[in-house]
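Below you'll find the structure, written out as structure tokens, and then a few comments.
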Amino acid sequence: MSRYNFRESEAKWQQRWSERGCFAARQDPVRPKYYVLEMFPYPSGKLHVGHVRNYTMGDLVARYRRAQGYNVLHPMGWDAFGLPAENAAIAGGIHPAVWTAENIATMRAQLQRMGFAYDWSREISTCHPQYYRHEQKMFLDFLAKDLAYRRESWVNWDPVENTVLANEQVIEGRGWRSGALVEKRLLSQWNLRITRYSDELLDALKGLDRWPERVRLMQENWIGRSEGARVRWALASHDVTIEVFTTRPDTLYGAAFLALSPHHPFAEELAGRDSTLAEFIAECDRAGTSEEAIETAEKRGYSTDIEAIHPLDKSRRVPVYVANFVLMEYGTGAIFGCPAHDQRDLDFARKYKLPVVPVVLPPKEDPATFSIGDTAYVEDGTLFNSSFLNGLSVSDAKRAVGERLEAAGDGERTIAYRLRDWGVSRQRYWGCPIPVIHCPDCGIVPVPEDDLPVELPQDVDFDQSGNPLDRHPTWKHVACPCCNSPSQRETDTFDTFFESSWYFLRFCSARAPIAFERDAAQYWMPVDQYIGGVEHAVLHLLYSRFFIRALKECGYLDLDEPFAGLFTQGMVCHQTYQNAEGEWLFPEEVASDPAGRLTDETGRPVIAGRNEKMSKSKKNVVGLDAIVDTYGADTARLYLMSNSPPERDLEWTETGIEGAWRQVNRLWRMVSEPSVPLPPPDAVIPDEVGAKLTGVRRITHKTIAAVTDDIDKFHFNRAVARIYELTNALEDLPAEAPDAGAVLREGLITLTQLLGPMMPHLAEEMWQELGQPGLVAETAWPKADAALIRDEHVTIAVQVNGKLRATFDFPRDAPANEVEKSALALPQISRLLEGKPPRKVVIVPNRIVSVVT
RNA sequence: GCGGACGUGGCGAAACGGUAGACGCAGCAGACUUAAAAUCUGCUCCUCGAAUGAGGGUGAGGGUUCGAGUCCCUCCGUCCGCACCA
423 MSRYNFRESE
433 AKWQQRWSER
443 GCFAARQDPV
453 RPKYYVLEMF
463 PYPSGKLHVG
473 HVRNYTMGDL
483 VARYRRAQGY
493 NVLHPMGWDA
503 FGLPAENAAI
513 AGGIHPAVWT
523 AENIATMRAQ
533 LQRMGFAYDW
543 SREISTCHPQ
553 YYRHEQKMFL
563 DFLAKDLAYR
573 RESWVNWDPV
583 ENTVLANEQV
593 IEGRGWRSGA
603 LVEKRLLSQW
613 NLRITRYSDE
623 LLDALKGLDR
633 WPERVRLMQE
643 NWIGRSEGAR
653 VRWALASHDV
663 TIEVFTTRPD
673 TLYGAAFLAL
683 SPHHPFAEEL
693 AGRDSTLAEF
703 IAECDRAGTS
713 EEAIETAEKR
723 GYSTDIEAIH
733 PLDKSRRVPV
743 YVANFVLMEY
753 GTGAIFGCPA
763 HDQRDLDFAR
773 KYKLPVVPVV
783 LPPKEDPATF
793 SIGDTAYVED
803 GTLFNSSFLN
813 GLSVSDAKRA
823 VGERLEAAGD
833 GERTIAYRLR
843 DWGVSRQRYW
853 GCPIPVIHCP
863 DCGIVPVPED
873 DLPVELPQDV
883 DFDQSGNPLD
893 RHPTWKHVAC
903 PCCNSPSQRE
913 TDTFDTFFES
923 SWYFLRFCSA
933 RAPIAFERDA
943 AQYWMPVDQY
953 IGGVEHAVLH
963 LLYSRFFIRA
973 LKECGYLDLD
983 EPFAGLFTQG
993 MVCHQTYQNA
1003 EGEWLFPEEV
1013 ASDPAGRLTD
1023 ETGRPVIAGR
1033 NEKMSKSKKN
1043 VVGLDAIVDT
1053 YGADTARLYL
1063 MSNSPPERDL
1073 EWTETGIEGA
1083 WRQVNRLWRM
1093 VSEPSVPLPP
1103 PDAVIPDEVG
1113 AKLTGVRRIT
1123 HKTIAAVTDD
1133 IDKFHFNRAV
1143 ARIYELTNAL
1153 EDLPAEAPDA
1163 GAVLREGLIT
1173 LTQLLGPMMP
1183 HLAEEMWQEL
1193 GQPGLVAETA
1203 WPKADAALIR
1213 DEHVTIAVQV
1223 NGKLRATFDF
1233 PRDAPANEVE
1243 KSALALPQIS
1253 RLLEGKPPRK
1263 VVIVPNRIVS
1273 VVT
């Protein structure tokens, strides 16, 4: 019994594909293009099996589309800037560039061993000056278009990484990588004006019909559009107007107070003269921003003893507070409180003994008796206690108030967004230098284009904390490009999401002297199928959508969206193990004793924990090299595709990979030791081969149709199941029939072609064994014979009163009355009918007869 | 709190509103082996029955329909995203 020799085979076919340049992409205007892309990796070290699931999916799609005749672009590169490289430098004395290059070499070799059909001639690495110089140019263009600006603002400071984080990078009050509680700091930072496109980014989501609904919703929530009004309140005792944003202008007559953010300019002004207020504000700043801190934080206000004049009724006054729950970053940094119709305002009003006046009357309530208890009324109703609004619905009242405010100049209807501009400054070395110079006389001066790229210095030390660029003895000292006086370079670098916001464009013309050739981008873009993790739903995916718009505005290209199709794959999970001390163990460190109990290598007990996403920190990872060494790339690829729907998590198990290995050998044996001698490749199948063999041919052709459909819909697990079904049918083929060999041969050729995108090495080996010409990688996708996928006979089920009672075979598309007659004549059915005619019979052609008695 | 997804055998999962459990894993029995591994054959949702078979079954309850895992309503549970957002 022969075993499939994957070691020999996989290396051989990888070399053959490479020699023939099978996967090099060339622009070709007459062929339809297809751009397949997997989110490019950060070169963090070595790949484990969890990393390669999405590359396997991408490769399957790339090879499938190529077989279908598309001109496929399928590139790979490295998101090479980032903190782990710097941390390695701090910990191990290795330069980030060296560490990164070594990791790239390792991971590239791992990907190549998997046999992925990449066009390696387009490989890019974002830490190379020939890459990042182009984004420095983009930044200068953004500056010119006012898409980039510098501003002092409160930012998220990660005390572990010693750098600023964007809002998108703060998850539940913690840094997205470090997990450290984020602090607020006031810093001067470069920002990209993503909010210029808030509306457009939101609207265009509707057109992304090949994106998961979930991701679109997440972006929608993140952009957070709220319709409402700005309302200006004059202060009774100061020559100051406080502008508030509200989504409920209809409840203005229920206003009980105004509340300012502790960082509101007027609050800060007052604090200058009021030390108690200054202390209150300082206290607010000390409070954490984490979920727990916010959840438990008391809603507190500081009464300023100042009154504001009600904009709709100048005789009314409301007190002005400074309150810890008002955010400076959203709306205008000030609110008006209507306790009757907002729960938080109600809590605040009860605490500070403010009046609670309902102005929206619930249906069927009596205005004379309706009052608010502990719960604010937030539903729809009819306005009352509200002057000219009385009797209106909530939505009519919103419009009426808007019109009144606009006419009086006291406010206007407007839209607020949750989305804030993208802060891109990072106080780190291993990133793209921001190409500006700070001149004491001229201020901020962009680096002239001819001086690009601003390259990172190589000679840096990581012995002290903080940004090595800032400490470098010479790098930052330059002459001002305008006035030549001694100046300093910007020492911050870009957020690494800057690089990943346009790399897909660079792939279109990866060696161009400019960022990307316009016609290449116009040909290949948008990405037809993008594949990656859902964790980038509002990070990379939103930034890239912004970049396309910003680049369009700067004249780089004409494109609406970067990614036409998006697929977010599930994680690969594995059981976790801990010893009695709570230390995590690698799966290979765990054994079981004769009694079946789990132990470590020294025999001490081990506790099996939850099944979780593979991660280095919990050590529940399975190295890719070990798996490919033992089972080969195709077995790993098959397992990753076979057991779970691609969007769902996949559990990696030893028995699972062994099962895949069995299938690989089974497939190989089918061609290396066929159950029936195969005729030569040019043999023809006779028109009539008998019922049993025709049945096998039908399954063969139905499998083509089914697998094609499954791959189109990303149902890779089902495609695998269909291939197994065909395998089972071919194994059961009646060997004694005269034309069995020819039918088997047809089946095996089809099977091989269908395996091509999934297990490409095995497919080539089988193809060669079958004596087929050329390479599977260069062979067109099979077509199902329409005549063969239509059965001549169908099995029809018979239900009586909704219960399945019998099935019978009948010619396809037989007349309904004949089907009914045969169904009712069945002994199981006639017995139930007891000679009475049925009340009703529903017939679904070729499928079911439903009898009602 | 707001928004969303999901709930099917021992397990991973299939199922245009039309024969629930394809395909695989694990398990059981057998064949081949001195033996094991590998491989092959058969069985495997539950209950009753020797068996043809009968009854029940897709988180719970209700509804629409000739027919519901699938559609609608209520509830329970799990997971995910956002969250002092005015």
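First residue of the first sequence: 423, per our numbering; consecutive thereafter. Positions of the beta carbon are idealized from the N, C-alpha and C atoms, including for glycine. All values derive from a computational prediction rather than experimental measurement.
With a cut-off of 8 Å, do at least 3 Cβ pairs link the stretch 822-838 to the stretch 849-859?
-> The stretch 822-838 vs the stretch 849-859: no contact.
Would you be able to state if there are at least three C-beta pairs under 8 Å between the stretch 1025-1035 and the stretch 987-998?
-> Counting Cβ pairs under 8 Å, three or more are found: they touch.
3-residue-minimum beta strand (DSSP E) runs that sit fully inside the stretch 992-1073, ordered along the chain = For the stretch 992-1073, whole beta strand (DSSP E) runs of length 3 or above, ordered along the chain, are 994-1001 and 1028-1035.
Which residues in the same chain have their Cβ closer than 8 Å to the Cβ of Ala1238, if we skip the five residues on either side of it in sequence?
-> Cβ neighbours of Ala1238 within its own chain (closer than 8 Å, five residues either side excluded): Ile1265 and Pro1267.
Residue environment, Leu469, which counts as buried when at least 16 other CB atoms sit within 10 Å | Result: buried.
Own chain partners of Asp1109 with C-beta closer than 6 Å, once the 5 adjacent residues on each side are dropped | Non-local C-beta neighbours of Asp1109 in its own chain, meaning closer than 6 Å and more than five positions away in sequence, are absent.
Would you kindly report the start and end of the unbroken beta strand (DSSP E) that includes Cys760?
-> Counting along the chain, Cys760 falls outside any beta strand (DSSP E), and DSSP gives it neither H nor E.
Sheet register partners of Cys904 (DSSP bridge) | DSSP, once it has assigned bridges, lists no residue as partnering Cys904.
In angstroms with no decimal places, state the Cα-to-Cα distance between Ser431 and Met1181.
-> Roughly 12 Å between the two C-alpha positions.
Determine the contact status of Trp1006 and Lys1041, defining contact as a CB-CB distance below 8 Å.
-> Yes.
Please name the residue in His732, Thr915 and Tyr752 whose C-alpha comes closest to that of Leu682.
-> When the alpha-carbon of Leu682 is set against those of His732, Thr915 and Tyr752, the nearest one is in Tyr752.
Secondary structure of Lys1262, DSSP reduced to three states = Residue state, collapsed to three classes: strand.
Which word fits Phe445, buried or exposed, when buried means at least 16 other C-beta atoms lie within 10 angstroms of its C-beta?
-> A residue is called buried once 16 or more other Cβ atoms fall within 10 Å of its Cβ, and Phe445 is buried on that count.
8 Å contact criterion, which Ala1137 and Asp1056 should meet: CB distance rounded = It is His, not Ala, that sits at residue 1137 in the sequence shown. With a beta-carbon spacing of about 20 Å, His1137 and Asp1056 fall beyond the 8 Å limit used to define contacts.
Only counting runs of 3 or more residues, tell me where the beta strand (DSSP E) segments fall wholly within the stretch 791-873, in order along the chain.
-> 833-839, 858-861 and 865-868, all fully within the stretch 791-873.
Can you tell me the Cα-Cα spacing of Phe561 and His550, whole angstroms?
-> Phe561 and His550: Cα-Cα distance of roughly 17 Å.
On the three-state DSSP scale, how would you describe Lys606?
-> The three-state secondary structure of Lys606, taken from DSSP, is strand.
Start-to-end residues for the alpha helix (DSSP H) that takes in Phe667 | Segment Thr663 to Thr668 is the beta strand (DSSP E) holding Phe667; no alpha helix (DSSP H) there.
Are there 16 or more other CB atoms within 10 angstroms of the CB of Thr990, so buried, or fewer, so exposed?
-> It is buried - the Cβ of Thr990 has at least 16 other Cβ atoms within 10 Å.
Quick one, which of Ala507, Arg821 and Trp521 has its alpha-carbon nearest Gly1331's?
-> With the chain covering 423 to 1275 only, the question about residue 1331 has no answer from this structure.
Same chain, Cβ closer than 7 Å to Leu627, neighbours up to 5 away in sequence not counted | Only Arg638, Gln641 and Glu642 meet the Cβ criterion.
Quick one: give me the first and last residue of the beta strand (DSSP E) that His1215 is part of.
-> For His1215, the enclosing beta strand (DSSP E) starts and ends at His1215 to Val1222.
Is His473 helix, strand or coil by DSSP?
-> DSSP places His473 in coil when its eight states are reduced to three.
Cα separation between Gly676 and Glu622?
-> Between Gly676 and Glu622, the C-alpha separation is close to 35 Å.
Taking C-beta to C-beta, are Met1092 and Leu1177 nearer than 8 Å?
-> No, they are not a contact pair.
Alpha-carbon spacing of Ile664 relative to Pro454, whole angstroms = For Ile664 and Pro454, the distance between alpha carbons rounds to 58 Å.
Lys1124 burial status per 10 Å Cβ neighbour count (16 or more: buried) | Classification for Lys1124: buried.
On the three-state DSSP scale, how would you describe Asn643?
-> Three-state DSSP puts Asn643 in a helix.
In this structure, does DSSP put Val1198 in helix, strand or coil?
-> Here Val1198 sits in helix by DSSP.
Please work out which residues of its chain come closer than 7 Å, Cβ to Cβ, to Glu1256, disregarding the five sequence neighbours upstream and downstream, and give them in chain order.
-> So no residue of the chain qualifies.
May I ask which residues mark the beginning and end of the beta strand (DSSP E) holding Lys786?
-> Segment: none, Lys786 is in no beta strand (DSSP E) and carries neither H nor E.
Nearest neighbour of Ala1113, chosen from Thr1021, Asp1213 and Glu508 [CA to CA] | The candidate whose alpha carbon is nearest that of Ala1113 is Asp1213.
Return the chain-ordered ranges of every beta strand (DSSP E) run that is complete within the stretch 1221-1249 and spans a minimum of 3 residues.
-> Positions of the beta strand (DSSP E) runs, each at least 3 residues long and wholly inside the stretch 1221-1249, are given as 1225-1233 in order along the chain.
Rounded straight-line distance, which links the Cα of Leu981 to that of Gly992 | In this structure, the alpha-carbon of Gly992 lies about 30 Å from that of Leu981.
To the nearest angstrom, report how far apart Ala1105 and Leu1192 are at their CA atoms.
-> Each residue's alpha carbon lies about 12 Å from the other.
Between which two residues does the alpha helix (DSSP H) harbouring Pro1182 extend?
-> Unbroken alpha helix (DSSP H) run through Pro1182: Pro1182 to Glu1191.
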